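For the sequence shown, position 17 matches number 17 in the UniProt record's numbering, and the numbering has no gaps at all. All residues carry an ideal CB built from backbone N, CA and C; glycine is no exception. In this text, all values refer to a predicted model and were calculated from it rather than measured experimentally.
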Amino acid sequence: MGLDAQSWGIFIGNFLIGLREGLEAALVVGILIAYVHKTKRNHLLPPIWIGVAAAIAVSLIFGAILTFGPETLTFEAQEAIGGSLSIIAVGFVTWMVFWMAENARALSAELQGKLDAVQTSSWAVIVLATLSVGREGLETTLFIWSATRAATQGTEIGTVLPVIGAIVGILTAVLIAWAMMRGVMKINLAKFFTWTGAFLIIIAAGVLSYGIHDLQEARILPGLNNIAFASQDFIEPGGFLATILKAVFNLSTTTTWVEAIAWVLYVGIVMPLFFWKQKRGHIPSRKVADAPKASGMVHVSKVVNKVTSEATSSSSSADNKTPTSDAG
1 MGLDAQSWGI FIGNFLIGLR EGLEAALVVG ILIAYVHKTK RNHLLPPIWI
51 GVAAAIAVSL IFGAILTFGP ETLTFEAQEA IGGSLSIIAV GFVTWMVFWM
101 AENARALSAE LQGKLDAVQT SSWAVIVLAT LSVGREGLET TLFIWSATRA
151 ATQGTEIGTV LPVIGAIVGI LTAVLIAWAM MRGVMKINLA KFFTWTGAFL
201 IIIAAGVLSY GIHDLQEARI LPGLNNIAFA SQDFIEPGGF LATILKAVFN
251 LSTTTTWVEA IAWVLYVGIV MPLFFWKQKR GHIPSRKVAD APKASGMVHV
301 SKVVNKVTSE ATSSSSSADN KTPTSDAG
């Protein structure tokens, strides 16, 4: 059975969310593993993988709680929880895209520094890997859950298709990260994170709008019956444009004035700030002057090798100086 425009819109939206968030998590794992190999500390690989598995398990459990936890509550309570979590998800995603815009180039050195600090304890390495990957996993789970609710509520589309879209996106991200680490693929990470970040801001605006709608239905916020515009007058209900607006932007014939104002304010403020931050992040600072540049065609294996080889060289230099000091 073929998919209609709204189904495709929801699928592609969640696919891109999974792709963006999955690639971030995959690169975190790749940096840790490449650094361990480069510095010949392969005994740390099992703790890293245990931490990754724990992060995935925690994310899945969190997703199950979000999906099935509120089922026994009243309608108002479900809407209140859903609306609150949607707004929290928007906060997390907004923070994440801004954090990546400013810290992407220093991410490798930061992770390697943390690994150096805890390398003497397997449990500490497990915790480091769990937290590093789990942060991405929990953010992704909450955002996908919120975006799925916002896009599918009031439609005949279930949750299976959006979840499949997210899973396909994550698996694609893992495949891309593996190919990049193997040196068989190049990708402009700066442009990738810039444009996927902009897309996430659009999705987040829709999630924020629907979160507000949930709070209106829970009678926490006013204005539920104050419809912003009668879009059916110029957009055919159920048509291609209407379904895309609902699936991607979460704008529909029932959008209230509070929702519409929140959507416009969020995009109008966050989007320009994001592009300004992204542009500013490409200007080398003293903090990241020695870190690999994120702009241009980035070959991830070269990025990792450059930083780790510098760390190895520094370690070797320190070892060579030790006998001289003893001899003296």
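Around the beta carbon of R280, fewer than 16 other beta carbons sit within 10 angstroms, so the residue counts as exposed. For L171, the closest of L23, I10, W8 by C-alpha to C-alpha distance is L23.
The residues L85, T141, L142, W145, in chain order, have a CB closer than 8 angstroms to that of L66 in the same chain once the five nearest residues on each side in sequence are set aside. Put simply, of I17, G13, W8, A26 the residue whose alpha carbon is nearest the alpha carbon of M180 is A26. For N250, the number of other beta carbons within 10 angstroms of its own is at least 16, and it is reported as buried. DSSP, read as helix, strand or coil, puts I220 in coil.
Within the same chain, no residue comes within 6 angstroms of I187 by CB-CB distance, once the 5 residues on both sides are set aside. Within its own chain, the residues whose Cβ lies closer than 6 angstroms to the Cβ of T196, once the five positions on either side in sequence are excluded, are R20, listed in chain order. Note: I10 is not bridge-paired with any residue in the DSSP secondary-structure output. Remark: three or more beta-carbon pairs, one from each stretch, lie closer than 8 angstroms, so the segment 200-208 and the segment 88-96 are flagged as touching. Taken atom to atom, the span from the alpha-carbon of R182 to that of I269 is near 40 angstroms. Put simply, the segment 121-132 does not touch the segment 67-77. Fewer than three CB pairs are less than 8 angstroms apart. Of I220, G134, L107, Y210, the smallest CA-CA separation from L189 is found for L107. Under DSSP, T256 shares a beta bridge with I227.
Residue environment for P222: exposed (fewer than 16 other C-beta atoms within 10 angstroms of its C-beta). For E71, no alpha helix (DSSP H) segment is defined, and its DSSP state is neither H nor E. Taking C-alpha positions only, I81 is separated from A117 by approximately 39 angstroms.
Beta bridge pairing from DSSP links I167 with no other residue.
If you draw a straight line from the Cα of A129 to the Cα of M271, it comes to about 31 angstroms.
The beta carbon of V58 sits closer than 8 angstroms to those of T130, G134, G137, L138, all from its chain and outside the five residues before and after it, given in chain order. Between G211 and G63, the CB-CB gap reaches or exceeds 9 angstroms.
When the beta-carbon positions are compared, L16 and G169 come within less than 9 angstroms of each other. It is roughly 22 angstroms from the alpha-carbon of D214 to the alpha-carbon of F11.
By the neighbour-count criterion, in which 16 or more other beta carbons inside 10 Å mark a residue as buried, A262 falls on the buried side. Straight through space, the alpha carbons of T254 and V127 are spaced by roughly 46 angstroms. Here Q78 is actually not in contact with T194; their C-beta atoms are around 36 angstroms apart, not less than 8 angstroms. Going by C-alpha positions, P162 is about 6 angstroms away from T148.
In this structure, the alpha-carbon of E76 lies about 10 angstroms from that of Q216. Assigned with DSSP and collapsed to three states, Q119 falls in coil, not helix or strand.
Between W99 and I50, the alpha-carbon positions lie close to 26 angstroms from each other. Between the C-alpha atoms of L60 and N14 there is a straight-line separation of about 16 angstroms. Around V29, the same chain offers V52, V133 as residues with beta carbons nearer than 7 angstroms, after the five sequence neighbours per side are excluded. Closest in alpha carbon position to W257, among N225, F274, L273, A55, is N225. Take the alpha-carbon of A54 and the one of L44: they are about 16 angstroms apart.
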